[in-house]
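When you line the sequence shown up against my numbering, it's residues 204 to 384, in that order. C-beta: ideal position from N, C-alpha, C; glycine also.
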Amino acid sequence: MVSAIHILNASDIGNDHLELIARRVQETFATTTDISDRPFNLSRAYDSSRGQYNSTVLLAELLNSSPPAENKLIAVVDVDLYIPVLTFVFGEAQLNGRAAVVSVQRLSNEFYGLPQDEKTTFRRLEKEIVHELGHTFGLFHCRRYDCVMRSSTYVEEIDLKGVEPCESCRTALKGVRWNPS
Ligand SMILES: [Zn+2]
Ligand SMILES: [Zn+2]
């Protein structure tokens, strides 16, 4: 059986942690998931002048390297992502599309010179994965403070929001016509 959402682990996070997040994804989007760590070439997205990776190029690479039978794809990476108009992004997704990418790099307290706190990192990663996948299901940013679809510029904002879509985002999700093969 082909799973509906493929989580491609290109980070040093253990697959066991991603499995817990995958369960959340299954519940939220009422679908199946699987996790793989097949090699994924990030080098084409690297911008040496910024020392960062262009997340839009990564999305294209992700689609190129994946069989068409795979439905939605989300890559988890641990490199720093950007889009040209922003200093950095936590992730990017194709609105109503197949591909999304999330970086764990700026989600850890260590990145900000604070003591390591894995639980916090995983909670943030879970929210960002659900958020970016929400975009692939056509959800826009939401203004509800506790909705997972609220946009976040800083980790503090990720911490404030919930891991679930609010009622109106849930209703929008139910209206999505999506028939994974
Ligand atoms: Zn967003
Ligand atoms: Zn919402």
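Review point. Quick one: Cα of residue 270 to Cα of residue 218, how far?
Key: 21 Å
Review point. What is the DSSP secondary structure of residue 285, counted as helix, strand or coil?
Key: strand
Exercise for review: Tell me whether residue 285 is buried or exposed, calling it buried when 16 or more other Cβ atoms sit within 10 Å of its Cβ.
Suggested key: buried
Review point. In chain order, what residues of the same chain lie with their CB nearer than 6 Å to the CB of residue 220, ignoring the 5 residues before and after it?
Key: 325.
Check your understanding: Going by the beta-carbon positions, is the gap between residue 336 and residue 232 smaller than 8 Å?
Key -> yes
Check your understanding: What three-state label does DSSP hand residue 295 in the structure shown?
Key -> strand
Practice item. Locate the beta strand (DSSP E) running through residue 304, then write down its first and last residues. Key: Note, residue 304: beta strand (DSSP E), 302–306.
Review point. If we count the other Cβ atoms within 10 Å of its Cβ and call it buried at 16 or more, is residue 374 buried or exposed?
Key: exposed
Review point. Looking at residue 354 and ligand 1, is the gap between the Cβ and the nearest heavy atom below 7 Å?
Key: yes
Check your understanding: If you compare alpha carbons, which of 319, 280 and 266 is closest to residue 301?
Key -> 266
Review point. By Cβ distance below 7 Å, which residues in the same chain neighbour residue 204 in space, the five residues on each side in sequence not counted?
Key: Residue confidence for residue 204 is low, a pLDDT of 41 falling below 50, so the modelled location carries little weight; the figure read from the coordinates is stated next. None.
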